[in-house]
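The structure appears right after this line, and notes come after that.
In full-length UniProt numbering, the protein residues as written are 1 to 261.
Shown next, in the form of C-alpha coordinates:
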(Lines of atoms letter the chains of each structure in order from A and count residues from 1; the text may use other names and numbers.)
(Lines give C-alpha, C1' and ligand atoms only; values in the text may rest on other atoms or scores of the structure.)
Protein backbone atom coordinates (compact mmCIF):
# COMPACT_ATOMS: atom_id res chain seq x y z
CA UNK A 1 0.00 0.00 0.00
CA UNK A 2 2.83 2.39 0.83
CA UNK A 3 4.43 1.55 -2.49
CA UNK A 4 1.25 2.38 -4.40
CA UNK A 5 0.82 5.64 -2.50
CA UNK A 6 4.47 6.48 -3.16
CA UNK A 7 3.94 6.06 -6.90
CA UNK A 8 0.81 8.23 -6.81
CA UNK A 9 2.63 11.01 -4.99
CA UNK A 10 5.74 10.70 -7.16
CA UNK A 11 3.90 10.73 -10.49
CA UNK A 12 3.44 14.55 -10.76
CA UNK A 13 7.16 15.03 -10.15
CA UNK A 14 7.99 12.37 -12.73
CA UNK A 15 5.67 13.83 -15.34
CA UNK A 16 6.94 17.34 -14.69
CA UNK A 17 10.51 16.19 -15.26
CA UNK A 18 9.72 14.08 -18.32
CA UNK A 19 7.30 16.67 -19.73
CA UNK A 20 9.97 19.36 -19.53
CA UNK A 21 11.81 17.48 -22.30
CA UNK A 22 8.74 16.88 -24.49
CA UNK A 23 7.75 18.70 -27.63
CA UNK A 24 4.26 19.95 -28.38
CA UNK A 25 3.38 16.78 -30.30
CA UNK A 26 3.87 14.73 -27.12
CA UNK A 27 2.32 17.14 -24.63
CA UNK A 28 -0.78 17.72 -26.81
CA UNK A 29 -1.30 14.08 -27.74
CA UNK A 30 -4.27 12.00 -26.58
CA UNK A 31 -3.93 9.88 -24.60
CA UNK A 32 -1.10 11.88 -22.95
CA UNK A 33 2.37 10.59 -23.63
CA UNK A 34 4.26 9.36 -20.57
CA UNK A 35 7.61 9.49 -22.35
CA UNK A 36 9.10 11.72 -25.10
CA UNK A 37 8.13 9.58 -28.10
CA UNK A 38 9.20 12.18 -30.64
CA UNK A 39 12.63 12.93 -29.25
CA UNK A 40 14.00 14.97 -26.39
CA UNK A 41 13.71 18.75 -26.40
CA UNK A 42 16.27 20.18 -23.95
CA UNK A 43 15.82 23.53 -25.65
CA UNK A 44 12.73 23.98 -23.47
CA UNK A 45 15.07 25.06 -20.68
CA UNK A 46 17.02 27.49 -22.82
CA UNK A 47 13.77 28.94 -24.20
CA UNK A 48 12.48 29.46 -20.67
CA UNK A 49 15.70 31.26 -19.76
CA UNK A 50 15.37 33.52 -22.79
CA UNK A 51 11.80 34.62 -22.01
CA UNK A 52 12.18 35.45 -18.31
CA UNK A 53 15.17 36.89 -16.38
CA UNK A 54 15.48 33.65 -14.46
CA UNK A 55 18.83 34.45 -12.87
CA UNK A 56 17.58 37.66 -11.24
CA UNK A 57 14.31 36.03 -10.23
CA UNK A 58 16.14 33.11 -8.68
CA UNK A 59 18.32 35.50 -6.67
CA UNK A 60 15.26 37.46 -5.54
CA UNK A 61 13.50 34.27 -4.44
CA UNK A 62 16.58 33.10 -2.54
CA UNK A 63 17.04 36.43 -0.74
CA UNK A 64 13.33 36.66 0.06
CA UNK A 65 13.32 33.09 1.41
CA UNK A 66 16.43 33.62 3.52
CA UNK A 67 15.13 36.90 4.94
CA UNK A 68 11.72 35.51 5.89
CA UNK A 69 13.16 32.27 7.28
CA UNK A 70 15.77 33.97 9.46
CA UNK A 71 13.29 36.62 10.60
CA UNK A 72 10.67 34.08 11.63
CA UNK A 73 13.21 31.91 13.42
CA UNK A 74 14.60 34.83 15.45
CA UNK A 75 11.25 36.41 16.37
CA UNK A 76 9.67 33.04 17.14
CA UNK A 77 12.55 31.99 19.38
CA UNK A 78 12.47 35.25 21.33
CA UNK A 79 8.68 35.25 21.71
CA UNK A 80 8.54 31.57 22.69
CA UNK A 81 11.26 32.11 25.29
CA UNK A 82 9.31 35.00 26.79
CA UNK A 83 6.11 32.95 26.98
CA UNK A 84 7.85 30.04 28.73
CA UNK A 85 10.68 31.36 30.90
CA UNK A 86 9.68 34.94 31.77
CA UNK A 87 7.29 35.65 34.60
CA UNK A 88 4.78 37.71 32.63
CA UNK A 89 1.42 38.84 33.93
CA UNK A 90 -1.49 37.21 32.09
CA UNK A 91 0.96 35.14 30.10
CA UNK A 92 -1.62 32.59 28.93
CA UNK A 93 -3.97 35.35 27.83
CA UNK A 94 -1.34 37.15 25.78
CA UNK A 95 -0.25 33.88 24.24
CA UNK A 96 -3.84 33.25 23.19
CA UNK A 97 -4.01 36.73 21.66
CA UNK A 98 -0.75 36.03 19.84
CA UNK A 99 -2.08 32.76 18.45
CA UNK A 100 -5.29 34.44 17.32
CA UNK A 101 -3.27 36.15 14.58
CA UNK A 102 -3.12 32.74 12.87
CA UNK A 103 -6.88 32.94 12.34
CA UNK A 104 -6.68 36.19 10.40
CA UNK A 105 -6.41 35.48 6.65
CA UNK A 106 -3.59 37.37 4.97
CA UNK A 107 -5.98 38.57 2.27
CA UNK A 108 -7.77 40.72 4.86
CA UNK A 109 -4.61 42.71 5.70
CA UNK A 110 -2.93 42.72 2.33
CA UNK A 111 -4.25 46.19 1.40
CA UNK A 112 -2.84 47.91 4.55
CA UNK A 113 0.46 46.10 4.01
CA UNK A 114 0.56 47.18 0.37
CA UNK A 115 -0.19 50.82 1.25
CA UNK A 116 2.51 50.78 3.93
CA UNK A 117 5.12 49.31 1.59
CA UNK A 118 4.21 51.85 -1.10
CA UNK A 119 4.38 54.82 1.28
CA UNK A 120 7.79 53.72 2.53
CA UNK A 121 9.08 53.32 -1.04
CA UNK A 122 9.85 49.63 -0.60
CA UNK A 123 8.25 48.31 -3.78
CA UNK A 124 10.61 46.24 -5.93
CA UNK A 125 12.89 45.66 -2.92
CA UNK A 126 13.77 42.64 -0.78
CA UNK A 127 12.62 44.57 2.31
CA UNK A 128 9.17 45.04 0.81
CA UNK A 129 8.92 41.32 0.06
CA UNK A 130 10.01 40.18 3.52
CA UNK A 131 8.81 42.83 6.00
CA UNK A 132 5.18 41.64 6.46
CA UNK A 133 6.32 38.06 7.18
CA UNK A 134 9.14 38.44 9.70
CA UNK A 135 6.96 37.14 12.56
CA UNK A 136 4.59 34.18 12.67
CA UNK A 137 2.23 32.81 15.29
CA UNK A 138 2.80 29.24 14.14
CA UNK A 139 6.55 29.47 14.73
CA UNK A 140 6.03 30.88 18.20
CA UNK A 141 3.58 28.09 19.02
CA UNK A 142 5.95 25.41 17.68
CA UNK A 143 8.98 26.62 19.64
CA UNK A 144 6.93 27.26 22.77
CA UNK A 145 5.79 23.65 22.79
CA UNK A 146 9.38 22.58 22.37
CA UNK A 147 10.62 24.85 25.18
CA UNK A 148 7.93 23.56 27.53
CA UNK A 149 9.54 20.12 27.39
CA UNK A 150 12.67 21.48 29.10
CA UNK A 151 12.67 21.40 32.92
CA UNK A 152 12.74 24.74 34.70
CA UNK A 153 15.63 23.39 36.78
CA UNK A 154 17.78 23.76 33.68
CA UNK A 155 17.08 27.50 33.64
CA UNK A 156 17.69 27.75 37.39
CA UNK A 157 21.04 25.95 37.09
CA UNK A 158 22.10 28.30 34.29
CA UNK A 159 21.08 31.30 36.39
CA UNK A 160 23.16 30.03 39.32
CA UNK A 161 26.16 29.81 36.96
CA UNK A 162 25.62 33.45 36.03
CA UNK A 163 23.98 32.97 32.62
CA UNK A 164 21.57 35.71 31.58
CA UNK A 165 18.53 35.32 29.38
CA UNK A 166 20.33 35.68 26.06
CA UNK A 167 23.23 33.43 27.03
CA UNK A 168 20.86 30.71 28.23
CA UNK A 169 18.76 31.04 25.08
CA UNK A 170 21.57 31.00 22.52
CA UNK A 171 24.09 28.77 24.32
CA UNK A 172 21.85 26.13 25.90
CA UNK A 173 18.21 26.23 24.83
CA UNK A 174 18.48 26.73 21.07
CA UNK A 175 21.25 24.11 20.54
CA UNK A 176 19.02 21.59 22.34
CA UNK A 177 16.05 22.63 20.20
CA UNK A 178 17.66 22.06 16.81
CA UNK A 179 14.94 19.67 15.51
CA UNK A 180 12.22 22.23 16.20
CA UNK A 181 14.30 25.05 14.74
CA UNK A 182 15.01 22.98 11.64
CA UNK A 183 11.31 22.15 11.24
CA UNK A 184 10.39 25.83 11.56
CA UNK A 185 13.13 26.84 9.12
CA UNK A 186 12.04 24.30 6.50
CA UNK A 187 8.36 25.25 6.87
CA UNK A 188 9.17 28.97 6.62
CA UNK A 189 11.45 28.45 3.63
CA UNK A 190 8.87 26.41 1.72
CA UNK A 191 6.14 28.95 2.44
CA UNK A 192 8.33 31.88 1.40
CA UNK A 193 9.61 30.20 -1.76
CA UNK A 194 6.10 29.35 -2.98
CA UNK A 195 4.60 32.82 -2.37
CA UNK A 196 2.80 34.25 -5.37
CA UNK A 197 0.17 36.85 -4.50
CA UNK A 198 2.30 39.18 -2.36
CA UNK A 199 5.34 39.23 -4.70
CA UNK A 200 2.93 39.94 -7.56
CA UNK A 201 1.69 43.07 -5.74
CA UNK A 202 4.97 44.23 -4.22
CA UNK A 203 7.03 44.07 -7.44
CA UNK A 204 6.61 45.50 -10.92
CA UNK A 205 10.01 45.15 -12.57
CA UNK A 206 10.45 41.56 -13.91
CA UNK A 207 14.05 41.58 -12.68
CA UNK A 208 12.85 42.09 -9.11
CA UNK A 209 10.07 39.51 -9.26
CA UNK A 210 10.30 35.98 -7.90
CA UNK A 211 10.56 32.72 -9.77
CA UNK A 212 6.89 31.93 -9.14
CA UNK A 213 5.88 35.08 -11.05
CA UNK A 214 8.27 34.08 -13.82
CA UNK A 215 6.55 30.74 -14.27
CA UNK A 216 3.20 32.47 -14.79
CA UNK A 217 4.86 34.72 -17.36
CA UNK A 218 5.98 31.61 -19.24
CA UNK A 219 2.41 30.36 -19.36
CA UNK A 220 1.08 33.65 -20.73
CA UNK A 221 3.91 34.34 -23.17
CA UNK A 222 3.45 34.40 -26.93
CA UNK A 223 5.59 31.28 -27.31
CA UNK A 224 3.46 29.30 -24.88
CA UNK A 225 4.58 25.67 -24.83
CA UNK A 226 3.61 23.09 -22.18
CA UNK A 227 7.11 21.62 -22.24
CA UNK A 228 8.69 25.03 -21.70
CA UNK A 229 6.30 25.79 -18.82
CA UNK A 230 7.16 22.45 -17.22
CA UNK A 231 10.85 23.27 -17.64
CA UNK A 232 10.33 26.47 -15.66
CA UNK A 233 8.33 24.58 -13.04
CA UNK A 234 11.12 22.05 -12.59
CA UNK A 235 13.71 24.80 -12.21
CA UNK A 236 11.59 26.29 -9.42
CA UNK A 237 10.86 22.88 -7.88
CA UNK A 238 14.41 21.59 -7.44
CA UNK A 239 15.36 23.71 -4.37
CA UNK A 240 12.18 22.86 -2.45
CA UNK A 241 12.39 19.21 -3.47
CA UNK A 242 15.92 18.91 -2.13
CA UNK A 243 14.92 20.77 1.04
CA UNK A 244 12.09 18.33 1.74
CA UNK A 245 14.16 15.24 0.89
CA UNK A 246 17.07 16.11 3.17
CA UNK A 247 15.02 17.82 5.89
CA UNK A 248 12.03 15.51 6.31
CA UNK A 249 13.44 13.85 9.42
CA UNK A 250 13.84 17.26 11.06
CA UNK A 251 10.25 18.13 10.15
CA UNK A 252 8.92 15.00 11.88
CA UNK A 253 11.14 15.36 14.93
CA UNK A 254 10.42 19.08 15.23
CA UNK A 255 6.64 18.79 14.94
CA UNK A 256 6.54 16.00 17.55
CA UNK A 257 8.91 17.72 19.99
CA UNK A 258 7.15 18.47 23.24
CA UNK A 259 4.32 16.03 22.51
CA UNK A 260 5.73 13.47 24.96
CA UNK A 261 7.51 14.25 28.21
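C-beta: ideal position from N, C-alpha, C; glycine also.
Please read these numbers as outputs of a predicted model, since none were measured by experiment.
The continuous alpha helix (DSSP H) containing residue 127 extends over residues 126-130. Under the criterion of beta carbons closer than 8 Å, residue 228 and residue 237 do not qualify as touching, at roughly 15 Å.
In this structure, the alpha-carbon of residue 202 lies about 20 Å from that of residue 72. Residue 170 is positioned such that its CB atom lies no closer than 9 Å to that of residue 85. Taking all protein chains in view, the Cβ of residue 144 is crowded by 16 or more other Cβ atoms within 10 Å, so the residue is classified as buried.
Of the residues assessed, residue 35 falls on the exposed side of the cut-off, its CB having fewer than 16 other CB atoms within 10 angstroms.
Counting along the chain, the unbroken alpha helix (DSSP H) around residue 26 starts and ends at 24-27.
Shown here for residue 25: same chain residues with a beta carbon closer than 6 Å to its own, the five before and five after excluded, namely 38 in chain order. Less than 9 Å separates the beta-carbon of residue 45 from that of residue 20. Taking a cut-off of 8 Å on C-beta distances, the stretch 173-190 does not touch the stretch 106-113, as fewer than three cross pairs fall below it. Pairing residue 186 with residue 155, the inter-Cα distance amounts to about 28 Å. Judged by their CB atoms, residue 82 and residue 232 are not nearer to each other than the 9 Å cut-off. When only Cα atoms are considered, residue 93 and residue 127 end up about 32 Å apart.
Here residue 42 has 21 as same chain residues with Cβ atoms under 7 Å from its own Cβ, once five neighbours each way along the sequence are excluded. In this structure, residue 184 sits away from residue 118, with a CB-CB distance that is not shorter than 9 Å. In this model, residue 147 and residue 206 are separated by some 43 Å (Cα to Cα).
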